[in-house]
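S.K.: Just so we're aligned: the sequence shown equals residues 1 to 45 in the working numbering. Beta carbons are placed, not taken as given, at the ideal position from N, Cα and C, and that holds for glycine. A quick note: this is a predicted structure, and the numbers were derived from the prediction, not measured. The structure follows.
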Amino acid sequence: MAEECPFCRIIAGEIPSEIVYRGEDFLAFRDIEPQAPRHLIIIPK
1 MAEECPFCRI
11 IAGEIPSEIV
21 YRGEDFLAFR
31 DIEPQAPRHL
41 IIIPK
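Written as structure tokens, this is what we have:
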């Protein structure tokens, strides 16, 4: 994966985020501009 990828940097802890769940295979965190009350972004590791 590219080091400059923002999602890679969130997984690495380089970009602050409000992590809701951190699993073995994926990470879920709150969107910085939510479109709904429970708007989450889920990305694979």
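1) Name the two residues that bound the continuous beta strand (DSSP E) containing R9.
2) Expressed to the nearest angstrom, what Euclidean distance is found between the alpha-carbon atoms of F29 and I42?
3) What residue range does the beta strand (DSSP E) around P44 cover?
4) In this structure, what does DSSP give as the bridge partners for A15?
5) With distances taken between CB atoms, is the gap from I11 to L27 smaller than 8 Å?
M.R.: Per the coordinate set shown:
1) Counted as a single uninterrupted DSSP element, the stretch harbouring R9 is not any beta strand (DSSP E) but the alpha helix (DSSP H) occupying residues P6 to I11.
2) The alpha-carbon of F29 is positioned some 7 Å away from that of I42.
3) It spans L40 to P44 - the beta strand (DSSP E) in which P44 sits, taken as one unbroken run.
4) Before going on, a small fix: residue 15 reads as Ile here, not Ala. Secondary-structure assignment with DSSP links I15 through no beta bridge to anything.
5) Less than 8 Å divides the Cβ of I11 from the Cβ of L27.
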